[in-house]
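So the structure is just underneath, and the comments pick up after that.
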Amino acid sequence: MKCVAVFASNASLAQFRVEEFLCVAELFHVHISRVEGVSWLEGEDNDCFFVFHCDAVQQLQRVAHRCVLLRGIYVLLQTAPSLEDLYDRHRQREGHPTIYEGEQESDYCEGDFCYGVETVGRRYSGEAKTKIIDELLRTSTYDANSRAVNYKNPQVRFVLFVQHATQEAPAGAPKGWVPDGPVLRVFHCVSLFESHRNATLTKYDLRKRPYIGTTSMPPEESLLMGNFCRVAPGSLVLDPFCGTGSLLVAAAHYGGHTIGADADGRAMRCGTTKGKTSPQLVQQRRLALATYPAHTLARLTLEEQQLPDMLTNFKVYGLCPPDRIRMNFSAWEKSWHPCRMVDGGNQTSPQEGFLDAIVTDPPYGLREPRKRIVQDGEGGEASGSVAAYDTHEMVLDLVLFAAASLTVGGYLTFWHPTTDQYQDDELPTHPSMRIITNIPQRVSLKVVRRLVVMRKEEPLPAVRPTRAACAPRRPTENLRKLHDETHLPENKDYTDYRERLERKRAATQKYWQQSGEEPTRRQRVGDRQEEIVLNRENKIRLREEKQKESHKQNALNASKNKTNK
1 MKCVAVFASN
11 ASLAQFRVEE
21 FLCVAELFHV
31 HISRVEGVSW
41 LEGEDNDCFF
51 VFHCDAVQQL
61 QRVAHRCVLL
71 RGIYVLLQTA
81 PSLEDLYDRH
91 RQREGHPTIY
101 EGEQESDYCE
111 GDFCYGVETV
121 GRRYSGEAKT
131 KIIDELLRTS
141 TYDANSRAVN
151 YKNPQVRFVL
161 FVQHATQEAP
171 AGAPKGWVPD
181 GPVLRVFHCV
191 SLFESHRNAT
201 LTKYDLRKRP
211 YIGTTSMPPE
221 ESLLMGNFCR
231 VAPGSLVLDP
241 FCGTGSLLVA
251 AAHYGGHTIG
261 ADADGRAMRC
271 GTTKGKTSPQ
281 LVQQRRLALA
291 TYPAHTLARL
301 TLEEQQLPDM
311 LTNFKVYGLC
321 PPDRIRMNFS
331 AWEKSWHPCR
341 MVDGGNQTSP
351 QEGFLDAIVT
361 DPPYGLREPR
371 KRIVQDGEGG
381 EASGSVAAYD
391 THEMVLDLVL
401 FAAASLTVGG
411 YLTFWHPTTD
421 QYQDDELPTH
431 PSMRIITNIP
441 QRVSLKVVRR
451 LVVMRKEEPL
461 PAVRPTRAAC
471 APRRPTENLR
481 KLHDETHLPE
491 NKDYTDYRER
501 LERKRAATQK
511 YWQQSGEEPT
521 RRQRVGDRQE
531 EIVLNRENKI
541 RLREEKQKES
551 HKQNALNASK
561 NKTNK
């Protein structure tokens, strides 16, 4: 059956959509073959739709429910480069290249139905959508007038997707400017399976999580990493830089047994003293716990409600809590020993590993420190002192550890912080590990991080490769130094930003000089936090008042309608 996967995600994750879909299909052993050779399906902005062929249609439901960047899976009836070509879809088409047929439209002509029009890159008015639906019904192969229309729970739900080219507002565009890019492709479909994306992201929303930190990974990225790691029920998953445990929550959501390690034990408990008393975090904890019903809060002690920790998150979600280890990862060779499991006289070789997946977001050195333990000579004991832990050294340790601890077929998934000048030789190599995914995501104008997925293909060789042999040939750029650098001629986006910033600063300075007033002083951190807290409380109050007024108006309208009847 020919189908089309329709995606919906944060724009920065657009490049991950198809890859995640294929990873989840592989996890559930669903064979998918991409439809190729259709010109309008290629080219620009082709990451919103994925046309494929699959025989195991019912297995696609499991794929749809698990993918976090997916909106739904639809049966493809026709696809065309324009609406006009789609309206002309039933014409004799020998040598007619502007239509691609999927399944037969006549297979879905029984039972009540409804039609919907969805657009990408441009908004359509209700009248325009109605006109499109009328034209589709006029050119259909069946008599739509003989079928009942049901918009609430139809047996067949037809959907037409229209994608326009993305347009950015030009300089000096008026406030009401509307994009008007050309149509790139249209899809005439029947809804097959909807994803659980919205419900899952709502459940794990950081705003509703009792315990978070400044570097807590958003749920969309966390769940995405769990899918790239192919976490399944019973998988043993480790995060060696777990912090507040966001990635462990995602792994536990998929049924994994989790282990968290971090050099800072405070992050795995209740946080720092500053974080416990921060007005913003105090407000965050109070508002997050207020979203849960009484039977959920009954799982928590009074102390946990007042001062949540990492385990509190797992309790409110009803997930299996992780094992926690305080460990500086640079000393992993001293801290972690090969796993030897004896069962019925059989002893597991250390070369086979014991972890199914390693999923982590190592510190970038911008908002959190990176320190390694200094060893006394080659193979010596720790001296007790620490030194800088460079990115390339940390990633090398991560790959060496993964090669030693993963089972064959296990996955290492991590974010690699770098820049636009990234090259593949920044990553370490290992004879047992192979890179299968390497996709960038922009973090700021200067920093790009890449999601790297490596799979352990073979057991460790009898003669282990040296650290120098596996080390990257090119060290990663120091992001802390890059953060303070303002002259980056090779980065056009940042250069344009700096020019706008300098013009703004010059205009501000000119204003204060001409006005004769003293420039406004910057707020203290404490004052700024208090202002943020007050603003948030005010927005919540206004929203509640607006909701009450809306409910009152709806009740009044319902009463009037009842009286009129």
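Numbered per full-length UniProt numbering, the sequence shown spans residues 1 to 565. Note that CB positions come from ideal geometry on N, CA and C, so glycine has one too.
Buried versus exposed, by CB contacts within 10 Å (16 or more), residue i
| i | result |
| --- | --- |
| residue 243 | buried |
| residue 34 | exposed |
| residue 298 | exposed |
| residue 358 | buried |
| residue 442 | exposed |
| residue 104 | exposed |
| residue 106 | exposed |
| residue 23 | buried |
| residue 284 | buried |
| residue 378 | Because residue 378 carries a pLDDT of 49, less than 50, the predicted location of this residue cannot be relied on, and the following value inherits that uncertainty. Residue 378 comes out exposed. |
| residue 237 | buried |
| residue 235 | buried |
| residue 345 | Because the pLDDT of residue 345 is 45, which lies under 50, any placement of that residue in the model is unreliable, and the number read from its coordinates should be weighed accordingly. By the 10 Å Cβ count, residue 345 comes out exposed. |
| residue 353 | buried |
| residue 554 | exposed |
| residue 514 | exposed |
| residue 13 | buried |
| residue 463 | exposed |
| residue 396 | buried |
| residue 550 | exposed |
| residue 328 | buried |
| residue 525 | exposed |
| residue 567 | Any property of residue 567 remains undetermined from this structure, which presents the chain solely from 1 to 565. |
| residue 142 | exposed |
| residue 347 | Because residue 347 carries a pLDDT of 49, less than 50, the predicted location of this residue cannot be relied on, and the following value inherits that uncertainty. It is exposed - the Cβ of residue 347 has fewer than 16 other Cβ atoms within 10 Å. |
| residue 295 | exposed |
| residue 81 | buried |
| residue 85 | buried |
| residue 556 | exposed |
| residue 233 | exposed |
Bridge partner(s) assigned by DSSP for residue i
| i | result |
| --- | --- |
| residue 438 | 452 |
| residue 49 | 6 |
| residue 262 | 326 |
| residue 75 | 3, 190 |
| residue 601 | Residue 601 cannot be examined here, being either before or after the span of the chain that is shown, 1 to 565. |
| residue 257 | 236 |
| residue 363 | Answer by DSSP bridge pairing: none, since residue 363 is not bridged. |
| residue 118 | 161 |
| residue 417 | 449 |
| residue 21 | None; residue 21 has no bridge partner. |
| residue 536 | Beta-bridge pairing links residue 536 to no other residue. |
| residue 371 | 388 |
| residue 113 | 149, 156 |
| residue 101 | 78 |
| residue 56 | BP columns for residue 56 are empty, so no partner. |
| residue 11 | None; residue 11 has no bridge partner. |
| residue 33 | 53 |
| residue 412 | 358, 454 |
| residue 70 | 7 |
Inter-residue CB distance, residue i and residue j (contact presumed, cutoff 8 angstroms)
| i | j | result |
| --- | --- | --- |
| residue 336 | residue 432 | Residue 336 to residue 432, Cβ: 17 angstroms. No contact. |
| residue 200 | residue 223 | 7 angstroms |
| residue 447 | residue 488 | Not really, about 12 angstroms apart at Cβ, beyond 8 angstroms. |
| residue 54 | residue 31 | 7 angstroms |
| residue 157 | residue 126 | At roughly 18 angstroms, the Cβ-Cβ gap does not stay under 8 angstroms, so residue 157 and residue 126 are not in contact. |
| residue 455 | residue 511 | Wrong, their Cβ atoms sit about 58 angstroms apart, outside the cutoff. |
| residue 57 | residue 4 | Rounded, the Cβ-Cβ distance is 13 angstroms, inconsistent with contact. |
| residue 453 | residue 413 | 5 angstroms |
Any chain B beta carbon closer than 8 angstroms to residue i
| i | result |
| --- | --- |
| residue 28 | Although the question refers to chain B, the structure presented lacks it and comprises just one protein chain. |
### Message
For the structure I just gave you, are there three or more beta carbon pairs, one from the region 309-326 and one from the region 235-254, closer than 8 angstroms?
### Response
yes
In chain order, which alpha helix (DSSP H) runs of at least 4 residues are fully inside the region 186-235?
197-203, 219-228
* To do: Kindly provide the ranges of any alpha helix (DSSP H) runs that are 4 or more residues long and lie completely inside the region 385-410, ordered along the chain.
  => 391-405
I want to know whether the region 180-198 touches the region 71-83 - three or more CB-CB distances under 8 angstroms. yes
Could you pull out every unbroken beta strand (DSSP E) segment of at least 3 residues lying fully inside the region 122-194, listed in chain order?
156-164, 183-194
- Item | Meets three-Cβ-pair contact criterion under 8 angstroms: the region 163-174 and the region 121-128 | yes
In chain order, what are the residue ranges of uninterrupted alpha helix (DSSP H) at least 4 long that sit wholly in the region 449-517? 467-470, 479-484, 492-515
Practice task
Check whether the region 493-505 touches the region 459-473, taking contact to mean three or more Cβ pairs, one atom from each stretch, closer than 8 angstroms.
Solution key: no
Q) Does the region 13-30 come within contact of the region 210-218, defined as at least 3 CB pairs closer than 8 angstroms? A) no
Original post:
Does the region 5-13 come close enough to the region 37-44 to have 3 or more Cβ pairs within less than 8 angstroms?
Top reply: no
Do three or more CB pairs link the region 259-274 to the region 322-330 at distances below 8 angstroms?
yes
Q. For the region 267-342, which segments carrying the beta strand (DSSP E) assignment without a break, of at least 3 residues, lie completely within its bounds, in sequence order?
A. 323-326
query = Counting pairs of beta carbons, one from the region 147-154 and one from the region 51-66, are three or more of them closer than 8 angstroms?
reply = no
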